[in-house]
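Enquirer: Please find one structure pasted underneath; my questions will follow.
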Amino acid sequence: MFRIRFHGRGGQGMKTASRILGSAFFHAGYEVQDAPHYGAERRGAPVSAYVRADRRPIDERGIIRCPDLVVVADESLLAIAARSILAGIDRHSILLIVGHEAAMVWQERLNVPGTVLTLPTDAPRFSGVACAGAAARLVGALGHDAMTEAIGAELAGFGDKAVAEGLTLAEAAWQAMAPHAGCVSEADELPASRHAPPEWIDLPADPVDAATPAIHAGATSAALNTGLWRTLRPVIDHERCNRCWWICSEFCPDSAITVAADGTPQIDYEHCKGCLICVAQCPPHAIRAVPEQGVTP
Ligand code: SF4
Ligand code: SF4
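Here's what the structure looks like:
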């Protein structure tokens, strides 16, 4: 069985990547599972998706714990979500990182037992399509036609232009991975001992009147304190900030950073959801992530 995990940020198309790869496997005669894994609406926050594909019926369920291939669509994620991205990687696993650092740098930095590959790209809009094209080439069990058919079907609803752009990106990724074509191998059947029991969390039940939300009107997002679900808080070091005035505020997916007339950025913690894109993007590293627990409001 092939077990493939995609990691990216909300909005980068990881669900699309898993659907394209899953469809390509399906049309090649495999039984397939593909599913995204994310929480509440958090554009820019870490999300993942997975694909299982086998010639035999698939009985395995849930998140992939022992991947054959892990694709990371955004190298900045490795600074904030390395634990979940690297989970279960062993000597036979392939880790593909989309970004500009060399594979050797990541191999040393992460000290992972498997092989690390990189895919340079400047195309964030359809990075999910590029990830799917690269994964299809690395898997080796899928032909070029299966990949292009799956992309055409998945993006058809977005129009011919989107399909053409997606095919171009996927083709570039497919070609870039040619030296490593077929390097992903199917792992042996997993023994029961590698299936760790779930870590159950007991949640107290609220009474129905407290647990059932009532929505009385639309357009309430300004009044909604979305910052409540943040676990890490971005904190600006104003000594280090060089008042570039636009990078952090432009990249914030929730417009939670405003810039004063003198170029000083300010974070609206009522609506900052803690995706930490600003931390990854700030050129002089003037924004750091601080655990929310224990921070004085
Ligand atoms: S301020 Fe930073 S951490 Fe908060 S939502 Fe914006 S980009 Fe994400
Ligand atoms: S990106 Fe960094 S340097 Fe630029 S305004 Fe924001 S905090 Fe300051």
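Take the sequence shown: its position 221, counted from the start at 1, is 777 in my numbering, and no numbers get skipped. Glycine residues also receive a C-beta, built at the ideal position from the N, C-alpha and C atoms.
Can you tell me whether DSSP reads Q568 as helix, strand or coil?
Expert: Reading the sequence shown from its first residue, position 12 is the one you call residue 568. DSSP places Q568 in coil when its eight states are reduced to three.
Enquirer: Starting from the N-terminal side, write out each stretch of the beta strand (DSSP E) that is 3 residues or longer and does not extend beyond the region 809-836.
Expert: For the region 809-836, whole beta strand (DSSP E) runs of length 3 or above, ordered along the chain, are 813-815 and 821-823.
Enquirer: With distances taken Cα to Cα, identify the nearest neighbour of L505 among L788, R559, A766 and P613.
Expert: With the chain running from 557 to 853 in the structure shown, residue 505 is simply not present.
Enquirer: The alpha helix (DSSP H) with V695 in it runs from where to where?
Expert: Here residue 695 refers to the residue found at position 139 of the sequence shown. Here the alpha helix (DSSP H) through V695 covers S683 to V695.
Enquirer: Under 8 Å by Cβ, that's how I've got H593 and A601 pegged, so tell me the actual separation to the nearest angstrom.
Expert: For this step, residue 593 is matched to residue 37 along the sequence shown. For this step, residue 601 is matched to residue 45 along the sequence shown. No, H593 and A601 are not in contact; Cβ-Cβ is about 12 Å, not under 8 Å.
Enquirer: Using 8 Å as the cut-off, can you tell me whether the region 835-847 makes contact with the region 788-802, which would need three or more C-beta pairs spanning the two stretches below that distance?
Expert: Enough Cβ pairs lie closer than 8 Å, so yes.
Enquirer: Below 8 Å, how does it come out for the region 827-841 and the region 800-813: are there three or more Cβ pairs, yes or no?
Expert: The answer is yes - the region 800-813 touches the region 827-841, with three or more Cβ pairs under 8 Å.
Enquirer: Tell me the residue span of the beta strand (DSSP E) that contains I536.
Expert: One cannot answer for residue 536 here, as it falls past the ends of the chain, which runs 557 to 853.
Enquirer: Check this for me: beta carbons of S649 and V626, under 8 Å apart or not?
Expert: For the purposes of this step, residue 649 is identified with residue 93 of the sequence shown, where counting begins at 1. For the purposes of this step, residue 626 is identified with residue 70 of the sequence shown, where counting begins at 1. Yes, they are a contact pair.
Enquirer: Ordered along the chain, which non-local residues of its own chain (more than five positions away) have a Cβ less than 6 Å from that of V835?
Expert: Position 279 of the sequence shown holds residue 835. If we look at V835 and ignore the five residues flanking it on each side, its Cβ neighbours are P790, I843 and A845.
Enquirer: Quick one: measure Cβ to Cβ for I636 and M557, integer angstroms, because I've assumed they're closer than 8 Å.
Expert: Counting from one through the sequence shown, the residue named residue 636 turns up at place 80. Counting from one through the sequence shown, the residue named residue 557 turns up at place 1. In fact, because the Cβ distance is near 30 Å, the residues do not count as touching under 8 Å.
Enquirer: Could you name the residues of the same chain whose beta carbon sits closer than 7 Å to that of Y586, not counting the 5 residues immediately before and after it, in chain order?
Expert: Residue numbering aside, residue 586 sits at position 30 when the sequence shown is read from its first letter. Here the set comprises A609, D610 and R611.
Enquirer: Could you pull the DSSP bridge partners for S604 from this structure?
Expert: If you number the sequence shown from 1, residue 604 lands on position 48. H563 and H593.
Enquirer: Can you tell me the Cα-Cα spacing of W756 and A766, whole angstroms?
Expert: Numbered from its first residue, the sequence shown carries residue 756 at position 200. Numbered from its first residue, the sequence shown carries residue 766 at position 210. Looking at the two C-alpha atoms, the distance is approximately 23 Å.
Enquirer: I want to check one thing, is the minimum distance from the CB of L784 to the heavy atoms of ligand 1 below 7 Å?
Expert: Position 228 of the sequence shown, counting from 1, holds the residue named residue 784. No - ligand 1 has no heavy atom lying nearer than 7 Å to the Cβ of L784.
Enquirer: Going along the chain, which residues of its own chain have a beta-carbon closer than 6 Å to the beta-carbon of S632, five neighbours each way excluded?
Expert: Translated into positions along the sequence shown, residue 632 becomes position 76. Hits under 6 Å: A836.
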